[in-house]
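Taking the working numbering, the leading residue of the sequence shown gets 19, the next gets one more, and so forth.
Don't be surprised by glycine CBs; every beta carbon is placed ideally from N, CA and C.
Data first, discussion second: the structure below is written as structure tokens.
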Amino acid sequence: MTSPLPTGKPDICRITDGLIVPPTHLELIAVDHCNIKCRTCNHASPLMPAWFADPDTVHHDFSLLAKHYRPAFIKVLGGEPLMHKNLVSVIQAARRSGISDHFTLVTNGVLLDKAKDDIWKSIDEIELSVYPATPNAGKIIENTIRLAKRHGKLYRIYRYDEFRATFSLQGTANTALVGQIYAACKIANLWGCHAVKDGYFYKCPQSIYIRKLTGKHCESDALPISDSHDFQARLLAFLNSPNPLTTCTHCGGTVGRHVEHVLASQEECHSHIDIPTDDIVDHELLADSLIAMTPADDCKIRVRDKRLPPWQRLAQLLKTH
Ligand code: SF4
Ligand code: SF4
């Protein structure tokens, strides 16, 4: 099913002081579902049933992992993580494992003004994702800045006017195409958006949701987190493997077509991805990416406000909706 990449791919992870150091972060999936339905959500949240991370499971998994793996920071996300009624316990459970000192909450901000002080205490940073169709986007931005400042937390705000198509329910039997999508995938080869969920370590969150969307499970796509003596070696081999996951057959990676952000019904979200993999790929970008990858996410626009006077800052921020 899978095609090996050309040899010579540089390792994405290395061992430093006895620990695997990924390029950036590890994703702590707090919930699967969301309170809005973005048609091209790259975690497929509009199509996921409600699911809540269990703090004891999180503590168990992260404690085992912390013996072998040290990300610079943890992203707490979903779906919409603020939908978890016990989010503080989930974050504290991960923090107690000692896996990282920096926790960033990634949220669409819709529920932020209801977040209790304990949530703010449990994090170091907040990352707000703003979409043109998010109801009350301007107010959410103002709230986020005000609350982050009040609680003394770092904040970053990103605007997403477009996404890149991620999922294909129909998939492809074209192993050469799959090998190329994986070779060009910045998530797998550059950014390293690793994820942990319910006892398993994933190379990318997309592989979690493709398994759920298609019902296809291949053992080699996820690594059970364990206390075995060779776990670190197996994790390193998994992360640096030149071979695509089987889930890559249903994924555009980071070379999907640009798609306008819209909110949609669950049925529309489903029919939008019920197409072959070939049709979700931006083939020009794929060809370019196989020669050289640009590190930036071209869908993610940083909303910067520090150098502008207050009235201009507000005007700039309000342009986001
Ligand atoms: S707000 Fe984020 S998690 Fe929710 S549907 Fe949109 S992209 Fe997905
Ligand atoms: S499933 Fe494959 S192509 Fe998609 S994000 Fe993961 S590694 Fe990349």
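*Measuring CA to CA, which of 215, 149, 195 and 94 is closest to residue 321?*
The alpha carbon of residue 321 has as its nearest neighbour, out of 215, 149, 195 and 94, the alpha carbon of 149.
*Three-state secondary structure (DSSP) at residue 326?*
With a pLDDT of 46 at residue 326, under the threshold of 50, the modelled position of this residue cannot be trusted; read the value that follows with caution. Coil.
*Per DSSP, what kind of secondary structure is residue 321 in: helix, strand or coil?*
coil
_Buried versus exposed call for residue 116 [16 or more other C-beta atoms within 10 Å across all chains shown]_ = exposed
*Compute the Euclidean distance between the alpha carbons of residue 243 and residue 42, then round it to the nearest angstrom.*
20 angstroms
_Let me confirm a value: residue 309 is counted as buried when at least 16 other C-beta atoms fall within 10 Å, else exposed. Which label applies?_
Counting other Cβ atoms within 10 Å of its Cβ, residue 309 stays below 16 and is therefore classed as exposed.
*If you draw a straight line from the alpha carbon of residue 314 to that of residue 82, how long is it in whole angstroms?*
32 angstroms
*Among 292, 143, 71 and 160, which one has its Cα closest to the Cα of residue 104?*
It is 71 whose Cα lies nearest to the Cα of residue 104.
*With which residues is residue 269 paired in a DSSP beta bridge?*
185
*Taking 6 angstroms as the cut-off, is the CB of residue 271 close to at least one heavy atom of ligand 2?*
yes
*Which residues in the same chain have their Cβ closer than 7 angstroms to the Cβ of residue 79, if we skip the five residues on either side of it in sequence?*
214, 217 and 243
*Leaving out five residues on either side along the sequence, give the residues of the same chain with a beta carbon under 8 angstroms from the beta carbon of residue 329.*
Residue confidence for residue 329 is low, a pLDDT of 48 falling below 50, so the modelled location carries little weight and cannot support an answer.
*asked:* If you measure between the beta carbons of residue 172 and residue 94, is that distance less than 7 angstroms?
replied: The Cβ atoms of residue 172 and residue 94 do not sit closer than 7 angstroms to each other.
*Closest by CA to residue 166, which one among 294, 87 and 145?*
145
*asked:* Using the Cβ count rule (16 or more neighbours within 10 Å means buried), how would you classify residue 59?
replied: Residue 59 is buried by the Cβ-count criterion.
_Could you tell me the alpha carbon to alpha carbon distance between residue 293 and residue 188, rounded to whole angstroms?_
Approximately 5 angstroms between the Cα atoms of the pair.
_Please list the terminal residues of the continuous beta strand (DSSP E) segment that includes residue 213._
212-215
*With respect to 6 angstroms, is the separation between the Cβ of residue 259 and the closest non-hydrogen atom of ligand 1 below this value?*
no
_residue 56 (DSSP reduced to helix, strand or coil)_ = strand
*Can you tell which of 85, 44 and 53 has its C-alpha closest to the C-alpha of residue 35?*
85
*Any chance you could list the alpha helix (DSSP H) runs of at least 4 consecutive residues sitting entirely within the region 201-257, in chain order?*
223-232
*Report all residues for which the CB-ligand distance to some heavy atom of ligand 1 is below 6 angstroms; order them along the chain.*
52, 54, 55, 56, 59, 61, 63, 64, 96, 97, 98, 126 and 147
*For the 8 angstroms Cβ check, are there 3 or more pairs between the region 187-201 and the region 248-265?*
yes
*Work out the CA separation of residue 131 and residue 338 for me, nearest whole Å.*
Its pLDDT being 43, under 50, residue 338 is placed unreliably by the model, and the measurement read from it follows with that caveat. So the two alpha carbons sit approximately 19 angstroms from each other.
*Just how far apart, CA to CA, sit residue 268 and residue 142?*
35 angstroms
_Residues sharing a beta bridge with residue 274, DSSP_ = 299
*Quick one: grab the DSSP three-state call for residue 337.*
Here the model assigns residue 337 a pLDDT of 49, short of 50, so the residue's position is not dependable, and the following value carries that caveat. In this structure, residue 337 counts as coil in the three-state DSSP scheme.
*asked:* Check whether the region 49-69 and the region 281-291 touch, using three or more Cβ-Cβ pairs below 8 angstroms as the test.
replied: yes
_In the DSSP assignment, the alpha helix (DSSP H) including residue 76 goes from what residue to what residue?_
73-84
_Neighbourhood of residue 319 by C-beta, 8 angstroms cutoff - its chain only, sequence neighbours within 5 removed_ = 176, 177, 178 and 179
_If I follow the unbroken beta strand (DSSP E) through residue 88, where does it start and stop?_
Looking at the DSSP string, residue 88 is not in any beta strand (DSSP E), and its letter there is neither H nor E.
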